[in-house]
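To keep things clear, I will list the structure first and then write my remarks on it.
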Amino acid sequence: MHIFATKSNTMKKALSLFLSLFLLLYVNAQDDSKFNNSGKTRYASVSGEINFSGAKIITESGEEGGNVMRFAPWFNLQMLNNWDGKNHGFFTGLTIRNVGFIYQKDNEKWKVRTYNAGIPIGLKWGDMNGTFLYFGYEFEVPFNYKEKYFNGESKDRKFNVWFSDRVNSFTHAGFIGFNFKGGFNIKAKYYFTEFFNPDFNNSTITDPKDIRYPGNGLANNDPNYKPAREYLNVNVFYVALSWNMFRKPYYYYDYDRTEKADQMY
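Quick note: to get our numbering, add 6 to the position in the sequence shown (first position is 1).
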C-alpha cells in the first residue's frame, strides 16, 4: 500500500509538471511566433476536440464484438507548435486525451476510459491557409483510469485510479485528418497498443462486476487466470471533430493585410 501511494504521489507530481510545461510552452510559443512574406510561419495553436470512439474487442473464445460507440466531448485539450511553408508544414506539441470504450454483454455494460498525456508529431500537406491533409504519430502516457459497471439501467459500480497497472504505461497511435478552410477539422486515430496491460495480475479481482474479472464470459473461471490478454483484447480508435486546431494568431492576419497594403504603394 505504501509503495502504491509513493508511486501515485510521484506520478501526480509528474503530471503537475507536465501541465505547467504545457502552459509555459504555449505562452512562450505565442511570444515567439514569427510571420514573414516568404510564406514561412511559426506559431502556436490551442483547441479542444469532440471524440466518437469505438474499439476492436476480442474475447477468449475469439469472438469479436460488444463494442458500443462512446461520445467524449470532455476533456480533450491540445497545444500545438506549428511550422508552415507555402504548401507543407510540421507540428508537435502537448495534449491531454480522453480515451476509452464501452463494452456490452447481454444486459451488462462496462464504460472504461483513461486520461492520457501525449506528444504528437505530424506533417501537413496542402494549402496552409485553406484545406490540407495532415497525418502523424502520437506517444501517450495514461495517468487516470476510470471504470463504470451497469446492470440494466442501474449503475452498480464505479471506481477511479491514478496511474493504474490495469493499462499499459505507454501507448502508441497513428492519426490522419483534414483541416478545412474556416477552421473545421476531422481526424481519425487508431491505437496500436492494447488498451489493457496484458501482464496485469488479475488474481486478486473477485468482483464479477469488474471488467478484468476472469469469469466474465469465460470457460475458465480460475481466479489465478493470467494473462489478461487471453480474455479481453482491446484496441481503441476514434473519429474527432474540432475547430481552429491549426488557427494562426489574430496578428498573423493583421500582418498579412499590412504586407499587402504596403505592396500597393
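Glycine included, C-beta positions come from ideal geometry on N, C-alpha and C. Fair warning: this is a prediction, and the values are worked out from it, not measured in the lab.
| message | According to DSSP, simplified to helix, strand and coil, what is E146? | response | strand
| query | Who pairs with Y140 in a beta bridge, going by DSSP? | reply | K130 and G183
| Where does M251 fall in DSSP's three states? | coil
| Taking the beta strand (DSSP E) that T6 falls in, what are its first and last residues? | Outside the shown range of the chain (7 to 271) lies residue 6, about which nothing can therefore be said.
| query | Leaving out the 5 sequence neighbours to the left and right, which residues in its chain are closer than 7 Å to I64 when beta-carbon positions are compared? | reply | E70 and N239
| field | Cβ-Cβ separation, N73 to E114 (assumed contact under 8 Å), whole Å | value | About 14 Å separates the two Cβ atoms, so there is no contact after all.
| said: If contact is defined by three or more beta carbon pairs under 8 Å, each pair taking one atom from either stretch, is the region 125-135 in contact with the region 149-169? | reply: no
| field | Cβ contact check for the region 147-154 and the region 168-175: 3 or more pairs under 8 Å | value | yes
| task | Could you check if Y49 is buried or exposed, using at least 16 other CB atoms within 10 Å of its CB as the buried criterion? | result | buried
| message | Just to confirm before moving on: does the CB-CB distance between M75 and F97 stay below 8 Å? | response | no
| task | Provide the residue(s) that pair with N166 in DSSP beta bridges, ordered along the chain. | result | K152
| query | Going by DSSP, what residues sit across from A70 in a beta bridge? | reply | Reading off the sequence, residue 70 comes out as Glu, not Ala. Answer by DSSP bridge pairing, in chain order: I64.
| task | Would you kindly check if the distance between the Cβ of T137 and the Cβ of D90 is under 8 Å? | result | no
| Are the Cβ atoms of N185 and S51 separated by less than 8 Å? | no
| field | CA nearest to the CA of I102, picked from T120, H94 and T212 | value | T120
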